[in-house]
Every structure is written in structure tokens, then in C-alpha cells.
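Read left to right, the sequence shown gives residues 3 to 347 (this note's numbering).
Notes to accompany the following structure.
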Amino acid sequence: MNPASSKKFKNPRAQHDFKGRTCSIVSVGSYVPERILRNADLEKMVETTDEWITSRTGIRERRIAADDEFTSDIAAKAASRALTKARLQAEQVDMIVVATITPDMLFPSTACLVQQKIGAHRAAAFDIEAACSGFIYGLEIGQQFIMSRTYDTVLVIGAEKLSAIIDWSDRNTCVLFGDGAGAAILQNRPGSHGLLTACMGADGTKAHLLSMPGGGSRCPATSESVAARMHYLRMDGKETFKNAVNAMYTAAKESLRRCEIDIRHIKCVIPHQANRRIIDAVGERIGAEPEQIFVNLDKYGNTSAASVAIALDEAVQCGRIQKGDLVLLIVFGAGLTWGAAVIEW
Ligand code: UT7
3 MNPASSKKFK
13 NPRAQHDFKG
23 RTCSIVSVGS
33 YVPERILRNA
43 DLEKMVETTD
53 EWITSRTGIR
63 ERRIAADDEF
73 TSDIAAKAAS
83 RALTKARLQA
93 EQVDMIVVAT
103 ITPDMLFPST
113 ACLVQQKIGA
123 HRAAAFDIEA
133 ACSGFIYGLE
143 IGQQFIMSRT
153 YDTVLVIGAE
163 KLSAIIDWSD
173 RNTCVLFGDG
183 AGAAILQNRP
193 GSHGLLTACM
203 GADGTKAHLL
213 SMPGGGSRCP
223 ATSESVAARM
233 HYLRMDGKET
243 FKNAVNAMYT
253 AAKESLRRCE
263 IDIRHIKCVI
273 PHQANRRIID
283 AVGERIGAEP
293 EQIFVNLDKY
303 GNTSAASVAI
313 ALDEAVQCGR
323 IQKGDLVLLI
333 VFGAGLTWGA
343 AVIEW
């Protein structure tokens with residue numbers, strides 16, 4: 003018998019007095035820009051090869067937003083697709099949470115710009131910044147508002163225009179990232195368990211491993227900061243890699259422990275799509291079979307907060323996730339931040 007279909011799990015939320023209320027992802031939607039940047043194109047821009055990028059990362063191509071296409075546009079397109087699938091009108095959305103490290107501007111929030119673009123006039127709107135972990139942080143925030151009966155419909159979006167903060171002359175980073183967005187609509191769905199648990203973690207002592215030093219209050223934009231290339235993403239790849247594997251493994255184990263299930267009960271594992279070697283190492287450590295793990299980084303590279311959201315949408319669209327399946331999301335990013343969530347679909 004397939005353990006995934008004969009699962010028995012504990013719902014960690016059930017111990018709280020939510021009077022039968024749950025929080026489900028009732029629909030997902032995603033959008034990636036049209037323009038494709040292939041490894042062969044990068045060979046003409048920096049000293050790299052398709053062979054190096056493919057073998058060290060698994061990435062073959064990534065999407066790049068148009069000059070006049072911003073994070074709020076990408077986010078709004080993903081959100082509209084999720085709303086259509088859920089057969090909801092934008093006016094029904096109570097709250098919009100946008101997870102991004104590439105907001106259109108420092109303020110106002112990208113969530114407010116999305117609210118205007120999709121016409122969600124009733125919705126409260128704000129951004130969160132947990133880098134590549136932002137989508138799970140957003141789901142957990144959204145869930146709190148649903149479970150507390152504050153709101154009925156929450157829109158959580160992970161959206162990035164990373165191409166705007168990439169140093170296109172730095173081969174260490176420019177081959178890794180891409181643009182895109184994924185959106186999820188959260189509601190109470192009677193009779194379904196929905197989001198069973200979400201563990202989140204952070205370690206600010208390692209903030210220096212992955213950052214963009216310029217543009218904030220510590221280093222506002224000056225001609226010197228621009229000349230020193232402070233307004234681009236910087237990463238210590240090797241250290242980030244090691245921390246990613248450990249943190250993703252620990253978060254995944256903790257989320258399974260809370261639900262009293264093991265990896266065999268999970269139908270589909272959706273890890274943050276940063277590097278194929280990280281995904282393989284985490285998969286091996288948690289004991290997942292390769293066919294359980296969903297990978298699409300070959301097409302999009304690392305889209306940070308959008309990464310697991312886009313992958314979740316694609317996994318649902320191609321039938322890898324069916325109603326009632328258990329899904330494990332695992333994320334990791336700058337901060338450092340990490341998280342894992344178990345969802346009954
Ligand atoms: O989303 C947040 C989480 N992000 C991550 O988790 C990313 C984590 N890090 C990584 O994925 C990997 O560390 C990288 C893909 C960034 C780098 O892979 P690596 O196996 O750790 O390579 P490395 O940094 O040790 O570099 C090996 C060599 C170096 O040359 P030397 O010093 O050995 O001569 C690099 O200069 O590869 C060189 N290199 C490249 N060569 C060709 C670095 N980037 C490139 C490149 N093309 N694009």
C-alpha cells in the first residue's frame with residue numbers, strides 16, 4: 003500500500019481551540035517573464051561555461067523581466083492567476099502579504115502596489131522580507147489571520163525581479179538567479195486539514211553571507227556606494243551552501259516530527275530551488291526518493307521568495323500533487339532564514 007495514501011498524521015494545530023477551523027491553500031498561480039536567458043548567453047557576458055553552470059548548479063536557463071516590468075507587475079500577474087483558479091474576485095481578498103527582497107521601491111510596499119493593480123480595494127497590504135524563505139514565512143503569517151478568524155481570504159505572494167540587483171559582471175552570482183512570482187490564496191476550507199505546520203528559523207550572526215549592502219539606512223546611495231558596487235547582491239557561495247543543507251534538513255525533520263509522520267508519507271517534496279546539489283543533499287539526508295522531489299530550477303534558476311511558490315504551482319498543474327496528498331515545502335535564504343511546512347492538499 004502506498005504510505006502516502008494511507009497516512010495517519012497528527013495535526014499540530016488541533017491542540018489549539020480553533021473550533022474546527024483550518025487554513026488551506028485553495029489555489030496557487032504563478033508567472034514568469036517571457037525573456038529567457040540561457041547559459042550560452044551568459045558565456046558571452048562573463049567567463050563561464052554552460053558545462054560549469056549545469057554541473058555545479060543544475061540551472062540551464064532563467065527568466066528576465068522586461069525593463070518596464072517590475073516586481074509588483076510580476077506579483078500581480080501571479081495573483082490574478084491564483085484568483086481566477088479559485089473563482090474569487092479581487093474585492094474578496096482581505097489581506098495581501100508580499101514576500102520579496104526586490105520591492106519596486108523601499109516604500110510604499112510592493113503589496114500596496116499589487117493591491118491597486120489587481121483591484122483588491124478592501125485588502126490590508128504589507129511586505130515581508132525573509133529572502134528566499136519569504137513564502138513560508140508569508141504562509142505562516144496568513145494562517146494566523148485565518149485561524150484567528152480575523153480574515154477569511156489571504157493572498158500570499160513570493161515575487162522577485164532579482165535581475166535588478168544582480169551584478170552582471172560577477173560570474174559567482176549572475177548565473178544563479180532569475181525573475182518570477184508565485185501566489186497562494188488561503189481560506190478556511192471545512193473538512194480539509196490544509197497547512198498542518200510551518201517551522202521557521204533564523205540566524206542573524208550569519209547575515210554577512212548573503213546580502214545587498216547598499217541602499218538602506220546603513221549605506222544610502224551615493225556616487226561612492228555605486229562605484230563600490232554596493233547595490234548588488236553579494237554571496238559567500240560555499241558557506242551559504244553548507245548552511246543551506248543543514249538548515250533545510252533540520253527544518254524538514256522538525257516539521258515531520260510535529261505531524262508525527264515520516265518522509266514516506268510525503269507525496270511531494272518542494273525544496274527551495276537554489277542549487278541542484280543542495281536539493282540532492284537535502285533529499286538524501288531526509289531519506290526522500292528522487293521521484294518524491296520536485297525540481298524546476300533548470301528552467302528558472304533561483305527566484306528567491308518566488309521559488310517554492312512557482313514550483314508548487316507547477317507541481318499541482320502537472321498532477322504531481324492531488325487532493326489529499328501531503329506536501330513538504332523546505333526553504334532557506336539570506337538572514338540567514340529557513341523554514342519548512344507540511345500541507346495536506
Ligand atoms: O537562495 C539562497 C541560497 N543560495 C544558495 O544556497 C547558493 C549556495 N551556493 C552555491 O550554490 C554554490 O556555492 C555556487 C554555485 C555559488 C558555487 O559552487 P561551488 O561548487 O561552491 O564553487 P566555488 O565557489 O567553490 O567555486 C569553484 C571555482 C572557483 O574557481 P577557483 O577559485 O577554484 O579557481 C570559482 O571562481 O569555480 C569558479 N566559478 C566559476 N567558474 C565558471 C565560480 N562561478 C563560476 C562560473 N563559471 N559561473
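The C-beta atom is built at its ideal place from N, Cα and C for all residues, glycine as well.
According to DSSP, is residue i helix, strand or coil?
{"i": "Ala67", "result": "coil"}
{"i": "Arg15", "result": "helix"}
{"i": "Leu314", "result": "helix"}
{"i": "Phe243", "result": "helix"}
{"i": "Leu211", "result": "helix"}
{"i": "Glu346", "result": "strand"}
{"i": "Gln91", "result": "coil"}
{"i": "Thr339", "result": "strand"}
{"i": "Val297", "result": "coil"}
{"i": "Gly203", "result": "strand"}
{"i": "Arg231", "result": "coil"}
{"i": "Gly285", "result": "helix"}
{"i": "Gly196", "result": "strand"}
{"i": "Ser111", "result": "coil"}
{"i": "Ser57", "result": "helix"}
{"i": "Met237", "result": "strand"}
{"i": "Ser135", "result": "helix"}
{"i": "Ser32", "result": "strand"}
Pull up the DSSP beta-bridge partners for residue i, would you.
{"i": "Arg40", "result": "Glu63"}
{"i": "Pro273", "result": "Ile332"}
{"i": "Ala126", "result": "Met97"}
{"i": "Ala188", "result": "Position check: residue 188 holds Leu in this sequence, whereas Ala was assumed. In the DSSP output, where bridge partners are listed per residue, Leu188 has Ile27 and Val156."}
{"i": "Glu162", "result": "Gly182"}
{"i": "Arg358", "result": "This structure cannot settle anything about residue 358, because the visible part of the chain is limited to 3 through 347."}
For residue i versus residue j, is the C-beta spacing smaller than 8 Å?
{"i": "Leu331", "j": "Ile138", "result": "yes"}
{"i": "Arg65", "j": "Gly184", "result": "no"}
{"i": "Glu49", "j": "Arg191", "result": "no"}
{"i": "Leu328", "j": "Lys269", "result": "yes"}
{"i": "Pro14", "j": "Arg266", "result": "no"}
{"i": "Ala88", "j": "Val28", "result": "yes"}
{"i": "Phe72", "j": "Leu198", "result": "no"}
{"i": "Ser57", "j": "Leu115", "result": "no"}
{"i": "Met84", "j": "Pro35", "result": "The sequence as given places Ala at residue 84; Met does not occur at that position. Taking 8 Å as the Cβ cut-off, Ala84 and Pro35 do not qualify as a contacting pair."}
{"i": "Gln91", "j": "Ile148", "result": "no"}
{"i": "Val2", "j": "Ala343", "result": "For residue 2 there is no data in the structure shown, the boundaries of the chain being 3 and 347."}
{"i": "Ile323", "j": "Trp347", "result": "yes"}
{"i": "Gly196", "j": "Cys25", "result": "yes"}
{"i": "Arg279", "j": "Val297", "result": "no"}
{"i": "Ala290", "j": "Val271", "result": "yes"}
{"i": "Thr175", "j": "Leu235", "result": "yes"}
{"i": "Arg40", "j": "Glu63", "result": "yes"}
Please confirm whether any heavy atom of the ligand ADP lies closer than 7 Å to the CB of residue i.
{"i": "Cys134", "result": "As for the ligand ADP, it is missing from this structure, which binds only the ligand UT7."}
Cβ pair count under 8 Å reaching 3, the region 68-85 against the region 285-304: Per the Cβ contact rule, the region 68-85 is not in contact with the region 285-304 (fewer than 3 Cβ pairs under 8 Å).
Cβ contact check for the region 194-214 and the region 332-345: 3 or more pairs under 8 Å: As far as the Cβ criterion goes, the region 194-214 touches the region 332-345, which means the pair count is three or higher.
Contact the region 242-251 vs the region 283-295: 3+ CB pairs below 8 Å: The region 242-251 is in contact with the region 283-295.
Contact between the region 152-172 and the region 94-112 (3+ Cβ pairs under 8 Å): The region 152-172 is in contact with the region 94-112.
At least 3 beta-carbon pairs within less than 8 Å: the region 305-313 vs the region 149-161: Three or more Cβ pairs drawn from the region 305-313 and the region 149-161 lie within less than 8 Å of each other, which places the two stretches in contact.
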